[in-house]
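Report on the structure given below.
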Amino acid sequence: MATITFKVDSPDDSSEEIVPPLKTPVKCEQPIHVYAVLFDIRDGALSRSSMIVGVPFLPNSEGPVRSTFNVTDMDYAFHEDLIPYTCTHELPLMNPSFMELMHFDPDVEPKVYPTDRLERMMKEFGHRFEVQSVHRATTDGVRVTAVPFFMGRRKLLTKAMVHYWHYLILIENMTQRGMKLCGVYWNFSYVDGRPLNEYDADFVEAPLLPVRSPFFQYHCCFQVPVPNLRARGFFRLEDVDGAAVVVDIPHLTLKDVEYYHELYISDTGSDDGPK
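This is the structure we're talking about:
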């Protein structure tokens, strides 16, 4: 799982922000439904990427986070990509977590319902699974969907606060020519526009987006020293003819709402502040 770590640039840093060409953001008129799903481990063999499959979370321990842990048998799926299926087998899918989290009874409705463990887990950590916003942009027939998740915050030994985020990216090649994913660029800034940091990397194993299987989905983590920031960027692709294609990543505004809520409580002694 790739992780991006940031250092704070000087507020008077005047480095120029890179803006990708050919940007054509698309406003979503219809709601986009996203589900946290358990997947069949046999499908893992179909993955075309060397990247670790799964959703990253912070460990429960306090203090600096040296690494995240990945729930490797779950992911997120978009409603439009799901195929309806009804299973009557006692074990609908091969997944280590299924029996711990779900009951299955073919004689009742719904046939699948949560265990007590899942209900306790969702009560305590459910907000970490929830999708708060979905962002989409299409450039030259390639659509990028970005879903940010706030993971939590930790206080360093220096008393500085670090805020952790992860994001899901789905790239869909809706053209009639095959492409491969070559690299990614991110630009992070303060909400007032001052540069915070940037990230530029090539994919070691370039994921392919052929016409017959034109999509690629992955997760990535990053940590920042500020509770509120903006993120923008683009992917570098190459089509079957070797032509370069630059695809915009939707602009994101990220805010640690819990941080501001706790700050309000500490300042006023009231829990009636903005949530």
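Residue numbers 1 to 275, in UniProt numbering, belong to the letters of the sequence shown in order. Glycine residues also receive a C-beta, built at the ideal position from the N, C-alpha and C atoms.
* Spatial distance of residue 262 from residue 198 (CA atoms) -> The sequence position of residue 262 within the sequence shown is 262, counting from 1. The sequence position of residue 198 within the sequence shown is 198, counting from 1. One alpha carbon belongs to residue 262, the other to residue 198, and they sit about 29 Å apart.
* Asked: Going by beta carbon distance, what residues of the same chain come within less than 6 Å of residue 74, once the five residues before and after it are set aside?
  -> By one-based count along the sequence shown, residue 74 stands at place 74. Around residue 74: 38 and 55.
* Asked: Taking the beta strand (DSSP E) that residue 238 falls in, what are its first and last residues?
  -> If you number the sequence shown from 1, residue 238 lands on position 238. DSSP places residue 238 inside the beta strand (DSSP E), whose first and last residues are 228-239.
* Take residue 99 and list the residues in its own chain whose beta-carbon comes closer than 8 Å to its own, dropping the five residues that flank it on each side. => In the sequence shown, counting from the first residue as 1, residue 99 sits at position 99. Counting only Cβ-Cβ distances below 8 Å, and skipping sequence neighbours, we find 91.
* Asked: Okay, do the stretch 111-118 and the stretch 176-196 touch, 3+ Cβ pairs below 8 Å being the bar?
  -> The answer is no - the stretch 176-196 does not touch the stretch 111-118, with fewer than three Cβ pairs under 8 Å.
* Asked: With distances taken from CA atoms, which of 182, 190 and 130 is nearest residue 204?
  -> Here residue 204 refers to the residue found at position 204 of the sequence shown. Of the candidates 182, 190 and 130, the one whose C-alpha sits nearest the C-alpha of residue 204 is 182.
* When we look at the beta-carbon of residue 256 and count the other beta-carbons within 10 Å, is it buried (16 or more) or exposed? -> On the sequence shown, position 256 is the one that residue 256 refers to. Of the other Cβ atoms in all chains shown, 16 or more fall within 10 Å of the Cβ of residue 256; this residue is therefore buried.
* In three-state terms, what does DSSP make of residue 257? -> The residue given as residue 257 occupies position 257 in the sequence shown. In the displayed model, residue 257 falls within a helix according to three-state DSSP.
* Asked: Could you check where the beta strand (DSSP E) with residue 136 kicks off and where it finishes?
  -> The count along the sequence shown starts at 1 and reaches residue 136 at position 136. Going by DSSP, residue 136 is part of the beta strand (DSSP E) stretching over 135-139.
* To do: Write down the C-beta distance between residue 251 and residue 230 rounded to the nearest angstrom, noting that I regard them as a contact closer than 8 Å.
  => Taking the sequence shown and counting its residues from 1, the one referred to as residue 251 is at position 251. Taking the sequence shown and counting its residues from 1, the one referred to as residue 230 is at position 230. About 7 Å separates the beta carbon of residue 251 from that of residue 230, a gap short enough to meet the 8 Å contact definition.
* To do: Count the other C-beta atoms from every protein chain shown that fall within 10 angstroms of the C-beta of residue 254, then say buried if there are 16 or more, exposed otherwise.
  => The residue labelled residue 254 in the question sits at position 254 within the sequence shown. Burial call: buried.
* Asked: Roughly how far, in whole angstroms, is the beta-carbon of residue 226 from the beta-carbon of residue 234, given that I think they are within contact range, below 8 Å?
  -> Residue mapping note: residue 226 aligns to position 226 of the sequence shown, counting from 1. Residue mapping note: residue 234 aligns to position 234 of the sequence shown, counting from 1. With a Cβ gap of about 23 Å, residue 226 and residue 234 do not count as contacting.
* Asked: Identify the residues that DSSP records as bridge partners of residue 75: which are they?
  -> In the sequence shown, the residue the question calls residue 75 occupies position 75. Answer by DSSP bridge pairing, in chain order: 37.
* To do: Just grab the DSSP bridge partners of residue 56 for me.
  => What you label residue 56 is simply residue 56 of the sequence shown in a count that begins at 1. DSSP lists 70 as partners of residue 56.
* Asked: Should residue 196 go down as buried or exposed, given a rule of 16 or more other Cβ atoms within 10 Å for buried?
  -> By 1-based counting over the sequence shown, the position of residue 196 is 196. Answer is buried; the Cβ neighbour count reaches 16.
* At what residues does the beta strand (DSSP E) containing residue 143 begin and finish? -> If you number the sequence shown from 1, residue 143 lands on position 143. Where residue 143 is concerned, the enclosing beta strand (DSSP E) starts and stops at 142-155.
* Asked: Going by DSSP, which residues form a beta bridge with residue 265?
  -> Translated into positions along the sequence shown, residue 265 becomes position 265. In DSSP, residue 265 forms no bridge with anything.
* **Beta-carbon proximity list for residue 77, same chain, < 6 Å, skipping 5 on both sides** => Taking the first residue of the sequence shown as 1, we reach residue 77 at position 77. For residue 77, where only same-chain residues beyond five positions count, the Cβ hits under 6 Å are 35 and 37.
* Asked: Are the Cβ atoms of residue 242 and residue 210 separated by less than 8 Å?
  -> Taking the sequence shown and counting its residues from 1, one reaches residue 242 at position 242. Taking the sequence shown and counting its residues from 1, one reaches residue 210 at position 210. Taking 8 Å as the cut-off, the beta carbon of residue 242 is found no closer than this to the beta carbon of residue 210.
* Asked: Sorted by chain position, which residues of the same chain lie with C-beta nearer than 7 Å to residue 152's C-beta, five sequence neighbours on each side aside?
  -> Taking the first residue of the sequence shown as 1, we reach residue 152 at position 152. Closer than 7 Å at the Cβ level, and outside the excluded window around residue 152, lie 58 and 164.
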